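Novice:
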Amino acid sequence: MMRMLTAYTREIDDIEISVAEVLKQLNLKDRMLRNSVGILAFHPEFLETGAARAVSEALPFDSIGGTTSEAAVAGAMGDLVLTVAVLTSDDIVFRAGATDPIEGDDPREPIRELYARLAPSPAEKPALLFTLAPVISNIGGDGFIEALDAASGGVPLFGSLAFTPLPDFNGIETCWNGKRGTNAFTLIAMFGEIKPDFFLTSIPDDRVIRQDAVITDAVKNRIRSINGIAPLEYLESIGLAETEGETVIISNPFVLTLGDGSRIVRAASKTTAEGHILALGTIPQGAQIGFSVSDAKFVLQSTRDTMAQAVAASRAKNALVFSCVARRWTLGASRDAEMKELAGRLDGALAYQFAYSGGEFCPVKNREGRLVNRFHNFSMIACLV
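This is the structure we're talking about:
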């Protein structure tokens, strides 16, 4: 049995108050079981004042955390908030850690070393992995999955790329036990009788603008040409890229159809001086291109439907939920609308922690019905445990 305890604080500057508010709500003395781990989601300002570190260090067990633009737990939602979820159990074991800052574009060895520390015996395999991952320009989310699958043999992975409301993805950080870093991959390994239920909603066919276009040159997460020309030039030609000052905005996620007919969604993170586009996940060369045209009505309805399905289909009472920030942008001025929909479905039914994401890690079933790890954009994902 697993229990989730949640807490929050809006106090950024007075660290003593921040810590006191969180610990009072958690009431660990009366509610904590034998084994526990913490998950923090917070606005970057909580890092700058030291509040996130102080809260993490006040917890009597390991914790990981990451920046986000908005977060929610029961009783609180918004941007300037720090949320804490504590997973606690008498029979499930939690081990948490982080890599050293990942240099270059190959995360395999740092992630292999991290996994070996958390699961040193091949006979002792985790039932579930949870990550809050950094955004590294030359490593998409798929690169992290490939590295972790190689190390773990494909243990189900759930989690998020950290995010920030600051321009051009500046200020994204993860932390482990209060230690912060821009390129550290954090991980929780959970051991025991865990049967997680995963739920995902993304972009349906009727929300895709199809183009007579192909990725003609791509390496990892870098798009180097579309239909033989620089990708930024192509997007500008069809009106899907605009410039504000020195910042290029590409707000419509790519919907890519692969040779086998399967489809993936990818969001842009940065553009380069050559007109290349860096995406948040791997870009397969030869993929056909479409673009999402989702609106606020679709986002909110998909949230209602997915959360209703999760509550009805799962016996679990704890939910970790992430939604792609591109869904948040689609809501426009109604910035809290998705969080309100989620709270309306989950308050009183499940303990939950919600945060906006720069990209989502959630397993899906393949044609044989086996769970395989996948990286997503413009998705809302939920893990019920």
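Its first residue numbered 52, the sequence shown is counted upward by one per residue in this note's numbering. Quick reminder that beta carbons are idealized off the backbone N, C-alpha and C, glycines included. Values in this document were obtained by computation on a predicted structure and should not be read as measured data.
1) To the nearest angstrom, how far is it from the Cα of P177 to the Cα of S288?
2) Whose CA, out of E160, T134, N189, T100, lies closest to the CA of G89?
3) Can you confirm whether the region 61–71 touches the region 110–126 when touching is taken to mean that 3 or more C-beta pairs between the two stretches lie within less than 8 Å?
4) Need the endpoints of the beta strand (DSSP E) that V38 sits in, please.
5) Between V265 and the rest of its own chain, which residues show a CB-CB distance below 8 Å, the 5 nearest in sequence each way excluded?
6) Decide if I66 is buried, meaning its Cβ has at least 16 other Cβ atoms within 10 Å, or exposed.
7) Candidates L212, P247, D141, D263: which alpha carbon is nearest A235's?
8) Would you call the region 94–103 and the region 184–199 in contact, with 3 or more CB pairs under 8 Å?
9) Are the beta-carbon atoms belonging to V372 and Y403 less than 8 Å from one another?
10) Find out if the Cβ-Cβ distance for the pair E389, T354 is shorter than 8 Å.
11) Do you know how far the Cα of Y166 is from the Cα of G148?
12) I'd like the ranges of any beta strand (DSSP E) spanning at least 3 consecutive residues and lying wholly in the region 301–380.
13) Excluding the 5 residues flanking D130 on each side, which residues of the same chain have their C-beta closer than 7 Å to its C-beta?
14) Reducing DSSP to helix, strand and coil, say where K416 ends up.
15) For R317, count neighbouring Cβ atoms within 10 angstroms of its own Cβ and tell me buried if that reaches 16, exposed if not.
16) What first and last residue would you give for the alpha helix (DSSP H) that runs through G191?
17) Got a sec, what are the start and stop residues for the alpha helix (DSSP H) S120 sits in?
18) Decide if G409 is buried, meaning its Cβ has at least 16 other Cβ atoms within 10 Å, or exposed.
19) CB F145 to CB I239, shorter than 8 Å?
20) Closest by CA to P335, which one among A319, F209, R273, D142?
21) With C-beta atoms as the reference, is A123 less than 8 Å away from F412?
22) Near D387, which residues of its chain fall below 8 Å by C-beta distance, leaving aside the five closest residues on each side in sequence?
23) Could you please give the first and the last residue of the uninterrupted alpha helix (DSSP H) stretch that includes A109?
24) Throw me the rounded Cβ distance for the L401 and N369 pair, which I believe falls under 8 Å.
25) I'd like the span of the alpha helix (DSSP H) that includes D81, first residue to last.
26) For T225 versus G117, is the C-beta spacing smaller than 8 Å?
27) Could you check if T294 is buried or exposed, using at least 16 other CB atoms within 10 Å of its CB as the buried criterion?
28) Cα separation between R258 and A174?
29) Sorted by chain position, which residues of the same chain lie with C-beta nearer than 8 Å to E197's C-beta, five sequence neighbours on each side aside?
30) Among the residues of its own chain, which have a CB less than 8 Å from the CB of E108, if the five just before and after it don't count?
Specialist: Considering the structure as presented:
1) Straight-line Cα distance between these residues: approximately 48 Å.
2) T134
3) no
4) It is not possible to answer for residue 38, since the shown part of the chain is limited to 52 through 436.
5) I277, N278, G337, A338, Q339, I340
6) buried
7) L212
8) Short answer: they don't touch.
9) yes
10) Contact flag set, yes.
11) 9 Å
12) 305–308, 314–317, 319–322, 328–330, 339–343, 369–375
13) H94, S120, E121, P216
14) strand
15) Buried.
16) Taken as a continuous stretch (DSSP letters only), G191 belongs to no alpha helix (DSSP H), as it is neither H nor E.
17) Here S120 belongs to no alpha helix (DSSP H), and DSSP marks it neither H nor E.
18) buried
19) yes
20) Ranking the options by Cα distance to P335, first place goes to R273.
21) no
22) E121, M128, G129
23) 102–109
24) 6 Å
25) 79–82 is the extent of the alpha helix (DSSP H) around D81.
26) yes
27) exposed
28) So the alpha carbons of these two residues sit roughly 45 Å apart.
29) R159
30) N228, G229
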